[in-house]
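To keep things clear, I will list the structure first and then write my remarks on it.
Residue numbers (the numbering used here): 568 to 676.
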């Protein structure tokens, strides 16, 4: 039960961010909100290597998404970053990597 609660609590920032997407049409404002949610999430219970996980997710998935769009695998209606993807998407991926890292840590106990 404790692990399930931990997974749920760690998933809340991602669920909150995904929930904001249809309601906040301004990509710059949404990016700012995502950065604030991520900073709050990481600062509440800062764990070793959180910033590294965030950075790998942000950079790695930005490159991946760029390649997916350029090869026609994906398309986005919101194209505020490089003219091909939403500006907020890399921040969402970065936070997602931190969530995944923390959930894996919970499961490996």
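Beta carbons are placed, not taken as given, at the ideal position from N, Cα and C, and that holds for glycine.
These numbers come from a predicted model, not from an experiment.
- request: Count the CB pairs spanning the segment 606-625 and the segment 664-673 that are closer than 8 Å, and state whether there are at least three.
  value: Flag = yes, the segment 606-625 and the segment 664-673 touch.
Residue 609, buried or exposed, once every other Cβ within 10 Å from all chains shown has been counted against 16: Within 10 angstroms of the beta-carbon of residue 609 lie 16 or more other beta-carbons, which makes it buried.
message: If I measure Cβ to Cβ from residue 600 and keep anything under 7 Å in the same chain, skipping five residues before and after, which residues do I get?
response: When the five nearest sequence neighbours on each side are left out, the beta carbons in the same chain lying within less than 7 Å of the beta carbon of residue 600 are those of 587 and 591, in order along the chain.
task: Just confirm the distance between the C-beta atoms of residue 641 and residue 635, as a whole number of angstroms; I'd bet it's less than 8 Å.
output: Residue 641 to residue 635, Cβ: 4 Å. Contact.
- prompt: Between the Cα of residue 584 and the Cα atoms of 645, 626, 597 and 618, which residue gives the shortest distance?
  reply: Closest in C-alpha terms to residue 584, from the list 645, 626, 597 and 618, comes 597.
Whole-angstrom distance between residue 662 and residue 639, CA atom to CA atom: Residue 639 and residue 662 have their C-alpha atoms roughly 25 Å apart.
- prompt: Is the CB-CB distance between residue 581 and residue 673 below 8 Å?
  reply: No.
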